[in-house]
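In full-length UniProt numbering, the protein residues as written are 1 to 215.
To start, the structure itself, in structure tokens.
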């Protein structure tokens, strides 16, 4: 009956974005077959971009819908961060702990070093959320372990220590993470948050205890 495949709802989402976010593979396929745009960003009723600026692929990545993501990528979805957006598909996948999806995006050429609105790379997001498998994946694919955020000078290592994620810390240290980078130190972060096992590990592995916090 002539339904518009590019209409938007109150969130600025198209039907394709809603189908992708819900993991509905067959509906996604139907919409694509009828010309739904894979790289449209969320817009309000007046055609202005919304704050989140999501694409259908980004919606799929938030909840780890691998089959939908494959379909979208096969239909020309941009694997990297869209213009003016705050996140990339890989950052969303890394943050959510979606290993298979992160692997898929990397296979399709996702930029490992794109930063989101918080200044975090995919590796930083995976580290601060404690997703050790994704941390391992990103490092093995060449993600830089010693990137720092501009303002707070955070690193993947300090973020992992703040969260108390021992396995992530072990992976990062074994792959050359620099304990001296940043305004705060790994030991300081782990101590502030009360992560006993991690503090013990850092001390046993030669972390200097008397490190002055540099403001």
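Just so it is clear, CB atoms sit at the ideal spot from N, CA and C, and this is done for glycine as well.
Taking the beta carbon of residue 184 as the centre, do at least 16 other beta carbons fall within 10 Å, making it buried, or is it exposed?
buried
Which runs of the alpha helix (DSSP H) at least 4 residues long sit entirely within the region 161-205? Give them in chain order.
166-174, 186-192 and 196-204
DSSP on residue 43, reduced to helix/strand/coil?
strand
Assuming residue 129 contacts residue 97 (C-beta within less than 8 Å), just tell me the rounded distance between them.
6 Å
Determine the DSSP secondary structure at residue 81, reduced to helix, strand or coil.
coil
Separation of residue 156 from residue 197, as counted between CA atoms:
19 Å
Three-state secondary structure assigned by DSSP to residue 70
helix
Beta-carbon gap between residue 32 and residue 75 smaller than 9 Å:
Going by C-beta atoms, residue 32 is nearer than 9 Å to residue 75.
Alpha carbon to alpha carbon, what distance is there between residue 124 and residue 255?
With the chain represented from 1 up to 215, any question about residue 255 goes unanswered, as that position is not in the structure.
Are the beta-carbon atoms belonging to residue 54 and residue 81 less than 9 Å from one another?
no
Tell me the residue span of the alpha helix (DSSP H) that contains residue 128.
122-129
Whole-number beta carbon distance between residue 166 and residue 120, since they are thought to touch under 8 Å:
Their Cβ separation, rounded to whole angstroms, is 20 Å, which puts residue 120 and residue 166 out of contact at 8 Å.
Neighbourhood of residue 178 by C-beta distance below 6 Å, restricted to the same chain and skipping five residues each side
146
Is the separation between the beta-carbon of residue 186 and that of residue 160 shorter than 9 Å?
yes
Tell me whether residue 6 is buried or exposed, calling it buried when 16 or more other Cβ atoms sit within 10 Å of its Cβ.
exposed
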